[in-house]
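Data first, discussion second: the structure below is written as structure tokens.
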Amino acid sequence: MGRSQSLPRGGDPRFGPDADDSGCPVLHVDMDAFFASVEVRRRPELRGRPVVVGGLGPRGVVSSASYEARRYGVRSAMPTMRARALCPHAVYLPPDFTAYSDASRAVMQIFRDVTPLVEPLSLDEAFLDVSGARRLFGSPAAIARQIRARVAREQGLTCSVGVAPSKFVAKLGSTRAKPDGLLVVPAARVLDFLHPLPVDALWGVGERTAQTLRRLGLATIGDLAEAPYAMLRKALGEAAAAHLHDLAWGRDPRAVSPEQVEKSIGAEVTFDVDVTEPEEIRRALLGLADKVGTRLRRAGQVGRTISLKVRLADFRTVTRSRTLPVPTDTAREMFDTVWALYAALAPAEPVRLVGVRAEGLAAAGDTPRQLALGAPERGWREAEAAADAAAARFGRSVIGPASLLGNRDPHRIENPPRP
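Okay, here's the thing in structure tokens:
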């Protein structure tokens, strides 16, 4: 299992996989270089090579980098052009979110086989409360080892796990265990673990806050914990000071919450060069509506409010939304809505980015469907569901978003419906 016996922080056995986990019911499981690892899993010839997943155009951004690529300084959220300069011999791949979502569901099911108390944070990480699983599966560290073994055996992927008394410390533990590691922070050793860490390891400390704290002479979490509270409040404000002071002393009372309902589902695209042609905007919105519709149907949800996001060449961002009389999960209806919103907006400046988002989500099965006057009983939703089935069998590229236009020419700019 790779580095299961490798101890971060200089090999300190106080935080090894065999440390006392009696007061540590919380696990944070974080997949290692998830998107890149999924690509390597289905393309074994890439194993051992630098692999970078992200946008491939001049404005693309790195979504995931294998550890081989990270040795050259490539990191997530880095511009792809910068990554290419650092590691020109890497394999650069566009993201395949359908594959990543499928892998995520399989991994999350492994977690839920252990405990129902699973709180996903994203496709590749989750908190688990294993308090009720000890009788069946053993101690928290033993459960962490079993999860890591199953993920490796069944999914061909690796993950790192932090085991701790609280969510905050468990997440720090998984970060310190990477890649492919396991770290236990005993309840009695939380401050020994936290206080030597840099202050920007705290949740809520970004670059600006870190600079403010360092100007005050606070370089480590221990420095912040011992700082006069009045000084923190003056520099950061009451809310931030209270939050960081509690974390610095290891106080995080939040429980693992399995009911994390998505509030919205969206997709966006940044153009390689700024766009002025309505035809290109229209094609982009069509593809985005298709992505959002597919994700809604896969999640069994519908959205009542459809939003359009437009970022102009000068980086100004404009959003417009429209609430529908009946919630939808069809790409056709979402496309018609955002195209009407875009036509009403009619930006004079070139466009850098567009996005489509469905908000006000509800379970599709709990939402009555209302036919418009004269509409057929079976229509676009059934057609798109059939396209989903075909895409699952043959690949999404076989069923392009242009099919949503029916007999209309996807390259012709029509007068859109008015909002």
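Residue 309 in numbering that gives the first Met the number 0 sits at position 310 of the sequence shown; the count goes up by one each step and never skips.
C-beta: ideal position from N, C-alpha, C; glycine also.
CA nearest to the CA of aspartate 222, picked from Glu206, Arg207, Trp248, Ala238: Taking the first residue of the sequence shown as 1, we reach residue 222 at position 223. Closest by alpha carbon: Trp248.
Contact with chain C by serine 121, beta-carbon distance below 9 angstroms: Within the model displayed, chain C is absent; a lone protein chain is all it includes.
Every unbroken alpha helix (DSSP H) within the segment 203-289, with a cutoff of 4 residues, ordered by chain: The DSSP assignment places 206-214, 220-225, 228-235, 237-247 as complete runs of the alpha helix (DSSP H) inside the segment 203-289, in order along the chain (cut-off: 4 residues).
Glycine 180 versus leucine 352: straight-line alpha-carbon distance, rounded: Along the sequence shown, one-based indexing puts residue 180 at 181. Along the sequence shown, one-based indexing puts residue 352 at 353. C-alpha of glycine 180 to C-alpha of leucine 352: approximately 39 angstroms in a straight line.
Sheet register partners of lysine 308 (DSSP bridge): One-based indexing of the sequence shown puts residue 308 at position 309. Bridge partners of lysine 308: Thr318, Gly354.
Where proline 24 falls, given that 16 or more other Cβ within 10 Å makes a residue buried: By one-based count along the sequence shown, residue 24 stands at place 25. Buried, because 16 or more other Cβ atoms sit within 10 Å of the Cβ of proline 24.
Residue from Ile146, Asp128, Phe136 whose Cα sits closest to the Cα of alanine 105: Translated into positions along the sequence shown, residue 105 becomes position 106. Looking at the Cα atoms, Ile146 is the closest of the given residues.
Under the three-state DSSP convention, the category aspartate 95 falls into: One-based indexing of the sequence shown puts residue 95 at position 96. In the structure shown, aspartate 95 sits in coil (DSSP, three-state: anything other than H, G, I, E or B).
Aspartate 463 burial status per 10 Å Cβ neighbour count (16 or more: buried): The first residue shown for the chain is 0 and the last is 418, placing residue 463 beyond what the model contains.
Selection from Lys166, Gly236, Asp128, Phe192 that minimises the alpha carbon distance to threonine 211: Along the sequence shown, one-based indexing puts residue 211 at 212. Put simply, of Lys166, Gly236, Asp128, Phe192 the residue whose alpha carbon is nearest the alpha carbon of threonine 211 is Gly236.
CB-CB length for proline 227 against alanine 18, believed under 8 angstroms: Within the sequence shown, the letter at position 228 stands for residue 227. Within the sequence shown, the letter at position 19 stands for residue 18. Actually they do not touch by this definition, with Cβ atoms about 33 angstroms apart.
Glutamate 124 and valine 28 closer than 9 angstroms at C-beta: In the sequence shown, residue 124 corresponds to position 125, counting from 1. In the sequence shown, residue 28 corresponds to position 29, counting from 1. For glutamate 124 and valine 28, yes; Cβs fall inside 9 angstroms.
Distance CB(glutamate 348)-CB(arginine 303) smaller than 9 angstroms: Residue mapping note: residue 348 aligns to position 349 of the sequence shown, counting from 1. Residue mapping note: residue 303 aligns to position 304 of the sequence shown, counting from 1. If you check the CB distance, glutamate 348 and arginine 303 do not come in under 9 angstroms.
Separation of glycine 56 from arginine 83, as counted between CA atoms: Mapped onto the sequence shown, residue 83 falls at position 84. Mapped onto the sequence shown, residue 56 falls at position 57. Arginine 83 and glycine 56: Cα-Cα distance of roughly 11 angstroms.
Threonine 293 in three-state terms, based on DSSP: Looking up residue 293 in the sequence shown gives position 294. Threonine 293 falls in the helix class under three-state DSSP.
C-beta contact flag for glutamate 38 and leucine 116 at 9 angstroms: Against the sequence shown, residue 38 aligns to sequence position 39. Against the sequence shown, residue 116 aligns to sequence position 117. Going by C-beta atoms, glutamate 38 is not nearer than 9 angstroms to leucine 116.
Proximity winner among Ala345, Leu182, Met333, Val162, relative to leucine 295 (alpha-carbon distances): For the purposes of this step, residue 295 is taken as the residue at position 296 of the sequence shown. Among Ala345, Leu182, Met333, Val162, the Cα nearest to that of leucine 295 is on Met333.
Per-residue DSSP class, three states only, for valine 50: In the sequence shown, the residue the question calls residue 50 occupies position 51. In the three-state reduction of the DSSP assignment, valine 50 falls in the strand class, which pools E and B.
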